[in-house]
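Enquirer: Take the first sequence: its position 354, counting from 1, is numbered 540 in the working numbering, and each next residue is one higher.
Think of the CB as a built atom: it goes at the ideal place given N, C-alpha and C, for glycine as much as any other residue.
Treat the numbers as computed from the prediction; the structure is a model and nothing was measured.
Let me give you the structure first, and then I'll get to my questions.
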Amino acid sequence: MLDKTYQPQKIEDAIYGTWEKAKAFAPGAPARAGAKPFAVVIPPPNVTGSLHMGHALNNTLQDVLVRFERMRGRDVLWQPGTDHAGIATQMVVERQLMERQEPNRRAMGREAFIKRVWQWKEESGNTIVGQLKRLGCSCDWSRLRFTMDEGLSRAVRKVFVDLYRAGLIYKDKRLVNWDPELLTAISDLEVEQIETKGHLWHLRYPIEGRRFDPSDSSTYIVVATTRPETMLGDTAVAVHPDDERYKHLVGKHVILPLVGRRIPIIADEYSDPEKGSGAVKITPAHDFNDFEVGKRHGLPMINVLSPDGKLLLDPNPDFVQGIEPNPELRALILEFNGVFRFAARKLIVHQLEEKGLMEKIELHLHTVPHGDRSNAVIEPRLTDQWYVDAATLAKPAIDAVKRGNTTFVPKNWETTYFHWMQTIQPWCISRQLWWGHQIPAWYGPDGKVFVAKDAAAAAAEAKQHYGKSVSLKRDEDVLDTWFSSALWPFSTLGWPDKTPELARYYPTDVLVTGFDIIFFWVARMMMMGLYVMEEVPFRDVYIHALVRDEKGQKMSKSKGNVIDPLDLINTYGADALRFTLAAMAAQGRDIKLSSSRVEGYRNFATKLWNAARFAELNNCVPRADFDPASAKVTLNRWILGESERAAAAVTEALQAFRFNDAAGANYHFIWHVYCDWYLELIKPILSGADQDAAAETRATAAYVLDQALLLLHPFMPFVTEELWAKLAPAEGRQSLLLLAPWPMHRGHENAQADAEIGWLIRFISEVRSVRSEMNVPAGAKVPLVIAGASEETRARASRHEETLLRLARLEKIEFGASPHGAVQIVLDEAVLALPLAGIIDIDAESKRLKREIDKVGSEIRQLDAKLANEKFVSRAPEHVDEEQRERKSEAEAVAAKLEQALKRLEAAL
RNA sequence: GGGCGGUUAGCUCAGCUGGUAGAGCACUGUGUUCACAUCGCAGGGGUCACUGGUUCGAGUCCAGUACCGCCCACCA
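Quick look at the structure:
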């Protein structure tokens, strides 16, 4: 016996255990040897992570697709795994060390630290795997991979070496985005531009050879800057070549304040006469634009900041270029050195003000680059780093999407993809971290680099190069986490080995991911997949929304607005959460999740549960010998057709990634068709005298419930699997629902049955509606007279008499003339009359009829206008025209009947 | 500065290729009929942001306007 209500907590774990025990998620079952493969790689969550709403959405959608295709007979591989998430993980462990007051990373040394991270990973790294299971994900966990597994690491090294040899990875000294807190370079994508209220300082740079006088503007040139502290590294002032204000100064020099360095005034088109003062200070070592200007003009590049963002003025020839070191300068260096960059800003502004070198200070709104992990202000910094020639790799990746080898859903994301790929910059892949794939590059005594798959290979190369064995030093840096993620679709399948899985499941079928990582991940998988495998990594990319809170805010711990999916699972069950997310997946950009929605779908699961309970109580058991095509009872023929239509709708929607439509079709069919109507309508049959009809109905009810479980399973796997098992299964029926075959179209629709049951439903609805409107007590049974009934109506009414009596709460049904003082309902050709004189208010009924007449009347007027319009008649397609005419004649018939009804009523007065 | 998206019932949102505006929640009335009160039945509520255009016909296509949001970009 089923419990009275569905309690997900009681069964979910057990159900999942059953699936795992049956190894039901594993691909390659003998039964599917000839089947077409269907492969999906999971976007690997960070090992540091726990399940958040974004994961819940992402993995629900994948699981829906995967379960759908598995049921459709495909040989499904859903490849799971986790990502080592370099910076994030390293930060977590470092924080842990700090909290426990243990020696920090540097104190314990690289080897010990990495060991510690691994230890942490083993202990708590896979919590998210358990959480994905709670969500119901049917990944093949036996194939769980981690980006730092030996196999995947080997793939990383091989790709690095191959790209290096092809000239597509190279080392370069240029400005990078430097995070002064994490002490590493980061890629452009990891920089967030944050709008900040700042200042624009207008500095006076004295012109060489003219005695500086604050009141004489010809003795100096004004430069505007948002970063006065970098002036210590200035090596030029640039003006636009066509700027008449400054033309005469080009070629002259200024004396850099405080420092005393002599720097040129140069003409460069980078300088924008509209901005600031029109003259701009050039600091090639601390600004991306200035770096380019510096290269064009051969300017020195003077670094004035330490890696951690403190002033660092080395009194070496670089810094003092063009000046003799002098006591004053030495004093300045002593004062400035080691001052943190923001304090240095104040210090320098103050000193300039004192010397009359500050023209003015304006408030200024501008964007300031921040590290997305540390949130520290990023410093452009001149360093040696490794780069991927992304522009070259991007070309085939662009073409593949243009040719349609990979398709984005929704399509408009392709625009975003193209735009970024076409303007792609070199990808900085080295990170000054410890946790990650150490770069397979070794340096000889003279600094020559040897890139090889391992130390031995590098040593061999070096030996050949130097003619003797030398000791090599390995590059200390690790690779950007996304480098290994980019290989995910093939590295998880065993590449570089030629595994059977690689041959069978690459390219994968669909990638499901959020739009926030199109650049980070999707684009890079495209580039690497095409380069390494010479084939796109996936055919479709389904881009889903971000989940936000009820107010549309991005969920974040600091805002405290995080909804934990596990809380929702605990309260409402995994099925309810999954169904909610699928039902809301249509939204283009974001999903505002509210728990009332989840609660509503929990109720839906309960509804289904109770429908199953009804089936159980009424002995509706699936029968192996039941043939839907042989059903005779109209009601059964109708629901079989409805079931077919629902199956078609769900199938079609899922094929088109229209998750919300698929969920909606299920919801509507199960609740509003099967429960609201079918189960109510069959009650009289089940308790009726016709044993054959009752038996057929029991079998049909069970069969259609099975169909519903099948169709709903991808969305609500737990409750459906549980019910599948509990409803005494028919022989030969697949014992696990998740492996059962998806409903196929068999053509059970029957127009006659649809018409008859449609009539029945309208009959009941109309009577109920009028009863309610007329305030007829719900419990009161009233007689009903059908006037003007056709033969068909008479037949239908007698066939369904018991049902009508029960559901419309009627005392009896008679045929004849509409009695006086009755409430009258127009139903097709007939009039349903409820003789309620004495119970109801004749006046109110008269008003009701008049309202109805008005409504139909205005519809007729509208249709008339349309049909009288010559243009409509001549230009609208025939079927539309016909439809309108038909609608009009129907409306006119109804109007006539209503008029008659009103007359009869008034006659009674 | 570019690009993209949003504006539909009190709230959160559906509405694919243009042809009588939908769902969930909330609300109102009513009901303890033997699956379900996590429920049933009935109902109220929308000039689909605004302006113009295309069309026989526009929530749906086009142009523009106004707010809101996101992404990208080196703007001193």
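1) Flag this pair as touching only if the stretch 491-501 and the stretch 520-528 have three or more C-beta atom pairs under 8 Å; answer yes or no.
2) For Asp365, does the count of other Cβ atoms within 10 angstroms reach 16, so buried, or fall short, so exposed?
3) Buried or exposed for Phe474, going by 16 or more other Cβ atoms inside 10 Å?
4) Which one or two residues does DSSP pair with Leu673 in a beta bridge?
5) Count the other C-beta atoms from every protein chain shown that fall within 10 angstroms of the C-beta of Pro289, then say buried if there are 16 or more, exposed otherwise.
6) Reducing DSSP to helix, strand and coil, say where Cys806 ends up.
7) Taking Ala1003 and Ala973 to be in contact with their CB atoms under 8 Å, please state how far apart those CB atoms are, rounded to whole angstroms.
8) Might you give, ordered along the chain, the residues of its own chain that have their beta carbon closer than 7 Å to the beta carbon of Arg1073, omitting 5 neighbours on each side?
9) May I ask you to report which of helix, strand or coil DSSP gives Ile825?
10) Is it the case that the stretch 813-822 contacts the stretch 877-890, given that we only count it when at least three CB pairs across the two stretches are under 8 Å?
11) On the DSSP letters alone, give me the boundaries of the beta strand (DSSP E) that Gln618 sits inside.
12) Whole alpha helix (DSSP H) runs in the stretch 518-602 with 4 or more residues, listed along the chain?
13) If we call anything under 8 Å between Cβ atoms a contact, is Thr275 one with Thr234?
14) Between which two residues does the alpha helix (DSSP H) holding Lys162 run?
15) From this set, His556, Pro675, Phe765, Trp910, which residue's C-alpha is nearest Leu922's C-alpha?
16) Just confirm the distance between the C-beta atoms of Tyr691 and Met719, as a whole number of angstroms; I'd bet it's less than 8 Å.
17) List in chain order: all unbroken alpha helix (DSSP H) runs of 4+ residues lying wholly within the stretch 974-1043.
18) Under the DSSP definition of a beta bridge, which residues are partnered with Asn363?
19) In terms of DSSP beta bridges, what is Gly384 paired with?
20) To the nearest angstrom, report how far apart Ala672 and Asn846 are at their CA atoms.
21) For Gly437, count neighbouring Cβ atoms within 10 angstroms of its own Cβ and tell me buried if that reaches 16, exposed if not.
22) Suppose contacts are defined by Cβ-Cβ distances below 8 Å. Is Tyr202 in contact with Trp795 by that definition?
23) What are the boundary residues of the alpha helix (DSSP H) that includes Ala894?
24) For Leu518, which residues from the same chain have a beta carbon less than 7 Å from its beta carbon, with the 5 sequence-adjacent residues on both sides left out?
25) So what does DSSP say about Val445, is it helix, strand or coil?
26) My assumption, with CB atoms under 8 Å, is that Gly182 sits in contact with Ala769. Please give the rounded CB distance.
27) Provide the residue span of the alpha helix (DSSP H) that contains Asp249, from first to last.
28) Is it true that the CB of Ala842 sits closer than 8 Å to the CB of Ile777?
29) Extract the residue ranges of the alpha helix (DSSP H) inside the stretch 431-506, only unbroken runs of 4 or more that lie entirely within it.
30) Would Arg331 pass as a contact of Leu321 if the rule is Cβ separation under 8 Å?
31) Rounded to the nearest angstrom, how far is the Cβ of Gln618 from that of Asp663, given a contact under 8 Å?
32) In this structure, how does DSSP classify His605 when only helix, strand and coil are distinguished?
33) With a CB to CB cut of under 8 Å and the five nearest residues on each side skipped, what residues in its chain are close to Val423?
34) Using DSSP with H/G/I as helix, E/B as strand and the rest coil, what is Pro927?
35) Please give me, in chain order, every unbroken run of the alpha helix (DSSP H) with length at least 4 that falls completely inside the stretch 1040-1077.
36) Can you tell which of Leu533, Glu1031, Pro808 has the C-alpha that lies nearest to the C-alpha of Lys1089?
Expert: Reading from the atomic positions:
1) yes
2) Residue 365 sits at position 179 when you count from the first residue of the first sequence. Label assigned to Asp365: buried.
3) Locating residue 474 in the first sequence gives position 288, counting from the first residue. Looking at its Cβ environment, which holds fewer than 16 other Cβ atoms inside 10 Å, Phe474 is exposed.
4) As a first step, residue 673 is located in the first sequence; it is residue number 487 there, counting from the start. Bridge partners of Leu673: none, in fact.
5) Residue mapping note: residue 289 aligns to position 103 of the first sequence, counting from 1. The residue in question, Pro289, is exposed, as its Cβ has fewer than 16 Cβ neighbours within 10 Å.
6) Working through the first sequence from its first residue, we reach residue 806 at position 620. Three-state result, Cys806: coil.
7) As a first step, residue 1003 is located in the first sequence; it is residue number 817 there, counting from the start. As a first step, residue 973 is located in the first sequence; it is residue number 787 there, counting from the start. Going by Cβ atoms, the distance from Ala1003 to Ala973 rounds to 6 Å, so yes, they are a contact pair.
8) Within the first sequence, the letter at position 887 stands for residue 1073. The answer, listed in chain order, is Leu1049.
9) Here residue 825 corresponds to residue number 639 of the first sequence, with the count starting at 1. The answer is helix: DSSP assigns Ile825 an H, G or I state.
10) yes
11) Reading the first sequence from its first residue, position 432 is the one you call residue 618. Taken as a continuous stretch (DSSP letters only), Gln618 belongs to no beta strand (DSSP E), as it is neither H nor E.
12) 527-540, 576-588
13) Working through the first sequence from its first residue, we reach residue 275 at position 89. Working through the first sequence from its first residue, we reach residue 234 at position 48. Yes, these two residues count as a Cβ contact at 8 Å.
14) This structure does not reach residue 162, given that the chain is present from 187 up to 1095, and the question cannot be answered.
15) Here residue 922 refers to the residue found at position 736 when the first sequence is read from its first residue. That would be Trp910, whose Cα lies nearest to the Cα of Leu922.
16) Counting from 1 along the first sequence, the entry for residue 691 is found at position 505. Counting from 1 along the first sequence, the entry for residue 719 is found at position 533. Their Cβ separation, rounded to whole angstroms, is 12 Å, which puts Tyr691 and Met719 out of contact at 8 Å.
17) 977-985, 987-993
18) Residue numbering aside, residue 363 sits at position 177 when the first sequence is read from its first letter. Answer is Ile372, Pro566, bridged to Asn363.
19) Counting from 1 along the first sequence, the entry for residue 384 is found at position 198. His550.
20) Within the first sequence, the letter at position 486 stands for residue 672. Within the first sequence, the letter at position 660 stands for residue 846. If I take the Cα positions, the gap works out to 30 Å.
21) As a position in the first sequence, residue 437 is number 251, starting the count at 1. Exposed, because fewer than 16 other Cβ atoms sit within 10 Å of the Cβ of Gly437.
22) For the purposes of this step, residue 202 is identified with residue 16 of the first sequence, where counting begins at 1. For the purposes of this step, residue 795 is identified with residue 609 of the first sequence, where counting begins at 1. No.
23) Position 708 of the first sequence, counted from the first residue, corresponds to residue 894. 877-898 is the span of the alpha helix (DSSP H), which, as asked, contains Ala894.
24) Within the first sequence, numbered from 1, the residue matching residue 518 stands at position 332. Only Leu444 meet the Cβ criterion.
25) Translated into positions along the first sequence, residue 445 becomes position 259. Three-state DSSP puts Val445 in coil, outside helix and strand.
26) The displayed coordinates of the chain run from 187 to 1095. Any statement about residue 182 would go beyond what the structure contains.
27) Within the first sequence, residue 249 is the residue found at index 63, counting from 1. Asp249 -> alpha helix (DSSP H) spans 239-257.
28) Sequence index remark: in the first sequence, residue 777 carries index 591 (1-based). Sequence index remark: in the first sequence, residue 842 carries index 656 (1-based). Contact flag unset, no.
29) 474-483, 503-506
30) Along the first sequence, one-based indexing puts residue 331 at 145. Along the first sequence, one-based indexing puts residue 321 at 135. Contact: no.
31) Mapped onto the first sequence, residue 618 falls at position 432. Mapped onto the first sequence, residue 663 falls at position 477. Rounded, the Cβ-Cβ distance is 6 Å, consistent with contact.
32) Numbered from 1 along the first sequence, position 419 holds the residue referred to as residue 605. Correct three-state label for His605: helix.
33) Sequence index remark: in the first sequence, residue 423 carries index 237 (1-based). If we look at Val423 and ignore the five residues flanking it on each side, its Cβ neighbours are Tyr391, Ile407, Val409, Val440, Ile449, Pro450, Ile451, Ile452, Ala465, Val466, Lys467, Ile468.
34) Counting from 1 along the first sequence, the entry for residue 927 is found at position 741. Looking at Pro927 - three-state DSSP - the assignment turns out to be coil, as it is neither helix nor strand.
35) 1056-1061
36) Mapped onto the first sequence, residue 1089 falls at position 903. Comparing Cα positions, the closest option is Glu1031.
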